[in-house]
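For the sequence shown, this note's numbering assigns the number 391 to the last residue and increments by one with no breaks. A quick write-up on the structure given underneath.
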Amino acid sequence: MKSKKDGHLPKKITVLGSTGSIGTQALEIISNHPDKFTVTGLSANQNWKRLAEQVNKFKPKRVLLADEKYRTEFESALSYRPDDILYGPDSLTDLAIDDESDLLLNALVGFSGFMSTYEALKSGKKVALANKESLVVGGELLSNITGFQELLVPVDSEHSAMWQCLTGERAENIARIIITASGGPFRTFSKDEMHKITVEDALNHPNWEMGQKITIDSSTMMNKGLEIIEAHWLYEIDLELIEPVIHPQSIIHSIVEFVDGSSKAQLGPPDMKVPILYALTHPERINYENPVLDYNERMSLTFEPVDMQKFPCVGLAVESAKEGGIMPAVMNAANEVAVDRFLNREIRYIEVSQLIEKALNKFHHKEIVSPQTLLEVDRETRKFANKLLM
Numbered sequence: 002m003k004s005k006k007d008g009h010l011p012k013k014i015t016v017l018g019s020t021g022s023i024g025t026q027a028l029e030i031i032s033n034h035p036d037k038f039t040v041t042g043l044s045a046n047q048n049w050k051r052l053a054e055q056v057n058k059f060k061p062k063r064v065l066l067a068d069e070k071y072r073t074e075f076e077s078a079l080s081y082r083p084d085d086i087l088y089g090p091d092s093l094t095d096l097a098i099d100d101e102s103d104l105l106l107n108a109l110v111g112f113s114g115f116m117s118t119y120e121a122l123k124s125g126k127k128v129a130l131a132n133k134e135s136l137v138v139g140g141e142l143l144s145n146i147t148g149f150q151e152l153l154v155p156v157d158s159e160h161s162a163m164w165q166c167l168t169g170e171r172a173e174n175i176a177r178i179i180i181t182a183s184g185g186p187f188r189t190f191s192k193d194e195m196h197k198i199t200v201e202d203a204l205n206h207p208n209w210e211m212g213q214k215i216t217i218d219s220s221t222m223m224n225k226g227l228e229i230i231e232a233h234w235l236y237e238i239d240l241e242l243i244e245p246v247i248h249p250q251s252i253i254h255s256i257v258e259f260v261d262g263s264s265k266a267q268l269g270p271p272d273m274k275v276p277i278l279y280a281l282t283h284p285e286r287i288n289y290e291n292p293v294l295d296y297n298e299r300m301s302l303t304f305e306p307v308d309m310q311k312f313p314c315v316g317l318a319v320e321s322a323k324e325g326g327i328m329p330a331v332m333n334a335a336n337e338v339a340v341d342r343f344l345n346r347e348i349r350y351i352e353v354s355q356l357i358e359k360a361l362n363k364f365h366h367k368e369i370v371s372p373q374t375l376l377e378v379d380r381e382t383r384k385f386a387n388k389l390l391m
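Here's what the structure looks like:
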């Protein structure tokens with residue numbers, strides 16, 4: 002049914018990872034604009050209760066629960082019955098390429114999101130990408146897909162900021178991109194204090210509310226390394242021209258500097274709804290009651306360099322991308338295992354980067370042949386990283 006307001010059909014959205022932070026915020030936006038959006042597909046890993054609530058509210062045609070052991074409880078909680086109920090992670094790609102949807106929002110966490118991005122882009126579907134690992138691990142493969150630049154839109158606040166600043170600009174006029182980082186909870190810690198960090202400390206981010214994995218990545222600043230690799234593939238910018246800086250207020254999300262010495266920056270409070278909304282509505286902008294900055298209030302915007310000795314994960318990520326081939330996949334898999342092991346209190350905080358470095362030294366550079374190559378590298382790296390004694 003057409004929207005009475007603008008005469009256009011609502012955009013049909015599939016959300017992978019609908020019960021996580023990005024997914025739930027996207028659905029909040031969608032529910033507030035039923036004239037603009039409708040939900041055709043939803044997926045979750047284990048959170049069957051929240052997924053059932055979402056299915057009952059949004060009434061998608063297709064839904065997927067990756068962990069089939071909750072099948073009975075999930076189906077019992079449904080008051081609305083979708084046309085298709087899928088189970089198991091192998092069905093994610095089926096949902097990703099569904100012809101019913103106009104846009105796939107990939108909000109999956111970790112390497113599990115790569116194949117969905119790959120297959121969706123190959124099928125010609127537009128993808129709003131919140132899954133960093135898709136580009137980190139498989140940017141080389143994804144960038145070779147016909148229409149890659151037009152089909153892939155960023156959801157991360159930093160890459161959305163770059164996207165908005167680069168609109169209308171020519172690539173040859175870019176001098177560098179400044180990617181900002183809050184510095185996380187340990188920006189002011191000494192090296193000695195870094196040895197005493199607990200799981201609870203690392204999960205206490207000063208500015209953002211996120212899932213556990215990305216919160217730990219933010220505390221180690223691995224997220225900045227991953228985002229540099231993402232920006233490299235998204236905007237075809239040399240890694241050397243993407244510079245991370247610490248900006249504790251998280252007001253400026255990225256800056257693009259041009260060859261004539263001028264710069265553009267995108268500003269806003271630390272709120273993910275703005276980049277999510279822009280990815281859903283681009284090339285349009287629509288009214289939405291997001292928090293805004295009060296420029297009549299006194300505010301300070303400060304910057305400082307990243308201490309690469311204190312936050313070695315940034316350098317490990319960038320170096321893996323410079324080596325290319327399978328090395329970003331090794332780095333990413335080792336990081337995911339290291340974060341899990343830290344959260345499970347198997348290793349100390351400072352051992353996260355050490356584990357990643359050992360994995361990178363274990364495996365050797367070789368070219369990416371296919372998605373299957375990446376899957377094999379991911380599996381072998383995880384096996385090594387899980388058994389590694391620290």
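Glycine included, every Cβ here is placed at the ideal spot set by N, Cα and C. Here the structure is a predicted model, which means the values were calculated and not measured.
Report yes if the CB atom of residue i is closer than 8 Å to the CB atom of residue j, and no otherwise.
{"i": "Leu-375", "j": "Gly-212", "result": "no"}
{"i": "Ala-203", "j": "Ile-217", "result": "yes"}
{"i": "Asn-48", "j": "Thr-20", "result": "yes"}
{"i": "Gly-42", "j": "Ser-102", "result": "yes"}
{"i": "Ser-1", "j": "Asn-107", "result": "The requested residue 1 does not occur in the structure, where the chain is confined to residues 2 to 391."}
{"i": "Asn-208", "j": "Ser-251", "result": "yes"}
{"i": "His-254", "j": "Thr-181", "result": "yes"}
{"i": "Lys-366", "j": "Glu-320", "result": "Residue identity check: residue 366 is His in the sequence provided, not Lys. Against a cut-off of 8 Å, the Cβ pair of Glu-320 and His-366 comes out as no contact."}
{"i": "Ile-23", "j": "Leu-281", "result": "no"}
{"i": "Ala-318", "j": "Ala-386", "result": "no"}
{"i": "Leu-28", "j": "Leu-105", "result": "no"}
{"i": "Pro-372", "j": "Leu-227", "result": "no"}
Taking just the CA atoms, how far does residue j sit from residue i?
{"i": "Lys-3", "j": "Leu-10", "result": "Residue placement at Lys-3 is poorly supported in this model, since its pLDDT is 40, which falls under 50; the coordinates still yield a value, given next. When rounded, the distance between both Cα atoms is 5 Å."}
{"i": "Leu-242", "j": "Gln-55", "result": "42 Å"}
{"i": "Ala-78", "j": "Tyr-71", "result": "11 Å"}
{"i": "Asp-157", "j": "Asn-132", "result": "9 Å"}
{"i": "Phe-149", "j": "Trp-164", "result": "15 Å"}
{"i": "Asp-7", "j": "Thr-39", "result": "Bear in mind that the predicted position of Asp-7 carries a pLDDT of just 46, short of 50, making it unreliable; the figure below should be weighed with that in mind. Going by the C-alpha atoms only, they are around 15 Å apart."}
{"i": "Arg-394", "j": "Ser-191", "result": "Look at the range of the chain in this structure, 2 to 391, and you will see that residue 394 is not part of it."}
{"i": "Arg-383", "j": "His-248", "result": "33 Å"}
{"i": "Lys-5", "j": "Lys-37", "result": "Residue placement at Lys-5 is flagged as unreliable, the pLDDT there being 40, under the threshold of 50; the coordinate-derived value follows with that caveat. One C-alpha to the other measures close to 10 Å."}
{"i": "Glu-305", "j": "Lys-311", "result": "14 Å"}
{"i": "Leu-344", "j": "Val-137", "result": "22 Å"}
{"i": "Glu-285", "j": "Leu-167", "result": "16 Å"}
{"i": "Pro-245", "j": "Ser-161", "result": "16 Å"}
According to DSSP, which residues form a beta bridge with residue i?
{"i": "Glu-305", "result": "Ile-247"}
{"i": "Leu-153", "result": "Val-128"}
{"i": "Arg-264", "result": "According to the sequence as given, residue 264 is Ser; it is not Arg. The partner list for Ser-264 (beta bridge, DSSP) reads Glu-258."}
{"i": "Asn-107", "result": "Leu-17, Leu-130"}
{"i": "Ile-30", "result": "Its beta-bridge partners do not exist; DSSP assigns none."}
{"i": "Thr-39", "result": "Lys-13"}
With a cut-off of 8 Å, does the C-beta of residue i fall near any C-beta of chain C?
{"i": "Lys-37", "result": "Among the chains in the structure shown there is no chain C, since it carries only a single protein chain."}
What distance in whole Å lies between the Cβ atoms of residue j and residue i, which are believed to be in contact at a cut-off of 8 Å?
{"i": "Glu-76", "j": "Gly-89", "result": "About 15 Å; that fails the 8 Å criterion."}
{"i": "Ile-369", "j": "Leu-356", "result": "Contact doesn't hold; Cβ gap of about 23 Å is too wide."}
{"i": "Leu-65", "j": "Leu-93", "result": "7 Å"}
{"i": "Ala-121", "j": "Ile-98", "result": "6 Å"}
{"i": "Ile-230", "j": "Ala-322", "result": "5 Å"}
| task | Run through the stretch 199 to 224 for me and flag every whole alpha helix (DSSP H) of 4 or more residues, listed as ranges in chain order. | result | Counting only runs of 4 or more, we get 200 to 203, 213 to 221.
| request: Write down every uninterrupted run of the alpha helix (DSSP H) in the stretch 43 to 70 whose length is 4 residues or greater and which is fully enclosed by it, in chain order. | output: Listed in chain order, the complete alpha helix (DSSP H) runs (minimum 4 residues) inside the stretch 43 to 70 are 49 to 59.
| If you scan the stretch 281 to 341 from start to end, which runs of the beta strand (DSSP E) of 3 or more residues do you find wholly inside it? | Listed in chain order, nothing qualifies, since the stretch 281 to 341 has no complete beta strand (DSSP E) run of 3 or more residues.
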